Amino acid sequence: MGIVARLFGRRPSKPAVITPAKPPETVPARPPRRSYTVKLPGGVVETRYTDRWTGTFDDWVAEMEAKLGPEERIPALEKVTVDTTALKALDLRDLPSTRFRIVGSSYCVTEDERALYGGTDYLLKREPDNGSDANAVAVFGQGRKVGYLSAAKAASLAELLDGLDFDAFQVGGTSVLGNSIRLWVDVPKVAALSLFVAGLGESEPQGTEA
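Sequential numbering of the sequence shown, starting at 49, is according to the working numbering.
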């Protein structure tokens with residue numbers, strides 16, 4: 049075929065080259081940014097943002113705490129105390145529990161105060177009027193607020209705790225250990241607490257002076 053084409057002065061046509069269409073580039077979805085507020089000296093309030101966070105709530109709280117320097121952290125401390133002798137507290141330490149890290153401690157106590165107010169006994173106290181989370185459950189150690197339960201854990205317990213006629217709930221936990229400044233609290237398991245609440249109608253609960 050090529051010889052005939054050259055005799056008649058024609059060049060053989062080249063086969064068409066088909067270039068496959070380039071697939072469109074997929075842009076990974078960008079997770080929403082989280083914001084946090086920092087109170088600076090002089091009363092200035094500044095909102096800051098984190099980028100592409102994909103961790104858990106507790107990890108995010110730890111990340112935010114780590115970004116706050118000492119000069120920013122001290123003015124933001126929320127020093128809250130309660131008179132434990134005036135509280136009607138229910139002892140929940142005998143219920144099956146799971147140990148969770150107390151979150152937001154850097155907004156309540158300094159690193160030195162963690163060892164002072166941390167310990168093996170804590171009080172859980174509901175904060176239904178909390179402007180950030182109506183399910184908030186604060187954690188107190190020796191009368192001083194040392195932090196909160198995580199939002200997810202508080203949401204699972206708030207309704208059960210609200211159904212009990214007590215001001216606070218006594219639980220176990222741990223203080224700072226070794227090189228770690230984290231505080232831990234023993235939170236009753238939801239199933240166990242549900243059964244306990246259901247059984248309160250059969251007998252008079254015994255309160256304790258915290």
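No residue lacks a Cβ here, since even glycine has one placed at the ideal position from N, Cα and C. The structure displayed is predicted, hence computed values, not measured ones.
DSSP state of residue i mapped onto helix, strand, coil
i       : result
Gly-247 : helix
Ala-182 : coil
Asp-210 : helix
Ser-198 : coil
Arg-78  : Low local confidence applies: a pLDDT of 48 at Arg-78 is under 50, so the model's placement there is unreliable, and no value is given.
Thr-129 : strand
Leu-205 : helix
Leu-231 : coil
Val-238 : helix
Segment limits, beta strand (DSSP E) that includes residue i
i       : result
Leu-143 : It is not in any beta strand (DSSP E) - Leu-143 carries neither H nor E in the DSSP assignment.
Gly-220 : 216–222
Lys-136 : Taken as a continuous stretch (DSSP letters only), Lys-136 belongs to no beta strand (DSSP E), as it is neither H nor E.
Leu-225 : Note, Leu-225: premise wrong, no beta strand (DSSP E); not H, not E.
Tyr-170 : 169–174
When the options are compared against residue i, the one with the closest alpha-carbon
i       : options                               : result
Gly-167 : Ala-240, Val-224, Val-128 and Ala-239 : Val-224
Val-259 : Lys-127, Pro-144, Glu-207 and Thr-129 : Look at the range of the chain in this structure, 49 to 258, and you will see that residue 259 is not part of it.
Leu-125 : Val-245, Thr-133, Cys-156 and Gly-152 : Cys-156
Asp-213 : Gly-152, Ala-199 and Asp-139          : Asp-139
Arg-174 : Val-130, Thr-222, Arg-149 and Ala-239 : Val-130
Extent of the continuous alpha helix (DSSP H) to which residue i belongs
i       : result
Tyr-165 : 159–165
Expected contact under 8 angstroms - CB spacing of residue i and residue j to nearest Å
i       : j       : result
Val-235 : Thr-132 : At roughly 19 angstroms, the Cβ-Cβ gap does not stay under 8 angstroms, so Val-235 and Thr-132 are not in contact.
Ser-198 : Val-238 : Not really, about 14 angstroms apart at Cβ, beyond 8 angstroms.
Arg-141 : Leu-231 : Contact doesn't hold; Cβ gap of about 17 angstroms is too wide.
Neighbourhood of residue i by C-beta, 6 angstroms cutoff - its chain only, sequence neighbours within 5 removed
i       : result
Ala-186 : Lys-173, Glu-175, Lys-193 and Tyr-196
Asp-215 : Leu-135 and Lys-136
Leu-208 : Leu-241 and Val-245
Contact set for residue i: own chain, Cβ-Cβ below 8 angstroms, skip 5 residues either direction
i       : result
Gly-247 : none
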